[in-house]
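Heads up: the protein sequence lines correspond to chains A and B, in order.
895 is the number of the first residue of the first sequence in this note's numbering; add one for each residue after it.
895 is the number of the first residue of the second sequence in this note's numbering; add one for each residue after it.
Scroll down for the structure; my scribbles are underneath it.
2 protein chains.
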Amino acid sequence: MKESDAPVCRVVEKNRERVEAAVASLPDDETVMKLADFLSAFSDYTRVKILLALRSGELCPCDISAITGMSISAVSHQLRILRYKKLVKYRREGRNIYYSLHDRHVEEILGVALEHVGEGE
Amino acid sequence: MKESDAPVCRVVEKNRERVEAAVASLPDDETVMKLADFLSAFSDYTRVKILLALRSGELCPCDISAITGMSISAVSHQLRILRYKKLVKYRREGRNIYYSLHDRHVEEILGVALEHVGEGE
DNA sequence: ACGATGTTTGAATAACTGTTCAACCATGAA
DNA sequence: TTCATGGTTGAACAGTTATTCAAACATCGT
């Protein structure tokens, strides 16, 4: 959208304080981008399932494949995303690699979201 | 992937307890789907920005357009997604429609996620 | 060194998502 | 009723994403 022809209704004028307060309260753009990037890791059915499984303890890709019914390759691709976005960490043990949730934040988000969808019934 | 030829490594056998515990702890499929559906609403930069802006109070689409620099139409499309997925609610006041965060869960998730990305520096 | 096991990776394809544009609906004022 | 204002909607396009397949890498046992 071009800045020049932003459609501005009268309400924006009336609400100017409100609007300016909202703008002031926004984190900087980079933080918003990081936020969306982090949260977007939760946006896929299979990734959510992987994360939920990891709440009960560390698992290797092969375990996760068995649990979720996904192919090993698909699991590995998704784990890579979860790694990059800091939702999981891993450790090597011989030939196996064990994945676990990165920190409490991830568990907390899953918990709050579970509450939310549970209430909708 | 076909169930029949799921690649199962030895670790799964060794970890059978662990794997079975994880399977047992998983919510039913419908819940996982609802979870992913809810959380996927947080996965876009512009939606996150809208939600962050709404933390400071209710706003109409026109306000949000001014705050985010998005077109009114784009804002409205995103608000629809946020409405359907129960991240925001709205009320009408004459010609204006005011949107606000649906409940504490949404605020909490944003808060936890902000903590998470804040720590990474 | 070799083979087997456990995992990762890149390329390709199919499905999905966000923005724009134009048309439309809803409300209040005249 | 008619007009202007504030919002919504559908179609279309561009960009993104998840899965599969085949090939590769890393580690261990022999």
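Where is the CB? At the ideal position from N, CA and C, for every residue including glycine.
Exercise. Below 9 Å between beta carbons: does that hold for isoleucine 961 of chain B and lysine 943 of chain B?
Worked result: Yes; because the gap between Cβ atoms is below 9 Å, this pair is in contact.
Problem set entry | Contact set between aspartate 938 of chain A and chain B, taken where Cβ atoms lie within less than 7 Å | Against aspartate 938 of chain A, the close residues of chain B are Ala930, in the order they occur along the chain (beta-carbon pairs closer than 7 Å).
Exercise. Quick one: does serine 994 of chain A have its CB under 9 Å from some CB of chain B?
Worked result: No, because no Cβ of chain B sits closer than 9 Å to the Cβ of serine 994 of chain A.
Exercise. What are the residues of the region 955-968 of chain B that lie near chain A, defined by any Cβ-Cβ distance shorter than 8 Å?
Worked result: Hits within the stretch, in order: Cys956, Asp957, Ser959, Ala960, Ile961, Gly963, Met964, Ser965, Ile966 and Ala968.
Exercise. Using the beta-carbon count (16 or more within 10 Å), is arginine 904 of chain A buried or exposed?
Worked result: Arginine 904 of chain A is exposed by the Cβ-count criterion.
Exercise. Hey, how far is the Cα of leucine 948 of chain B from the Cα of histidine 996 of chain B?
Worked result: Rounded to the nearest angstrom, the gap between the Cα atoms of leucine 948 of chain B and histidine 996 of chain B is 10 Å.
Exercise. Closer than 9 Å, CB to CB, is leucine 1008 of chain A near chain B or not?
Worked result: So, interface residue.
Exercise. Interface residues of chain A around lysine 983 of chain B at Cβ under 8 Å?
Worked result: Result: empty, since nearest Cβ-Cβ is about 13 Å, beyond 8 Å.
Exercise. Are the region 952-971 of chain A and the region 1007-1014 of chain A in contact at 8 Å, needing three or more beta carbon pairs?
Worked result: Cβ pair count under 8 Å is below three, so no.
Exercise. For arginine 949 of chain A and chain B, any beta-carbon pair shorter than 9 Å?
Worked result: It does; some Cβ of chain B falls within 9 Å.
Problem set entry | alpha helix (DSSP H) segment containing serine 994 of chain A, residue limits | Here serine 994 of chain A belongs to no alpha helix (DSSP H); instead the beta strand (DSSP E) covers 990-995.
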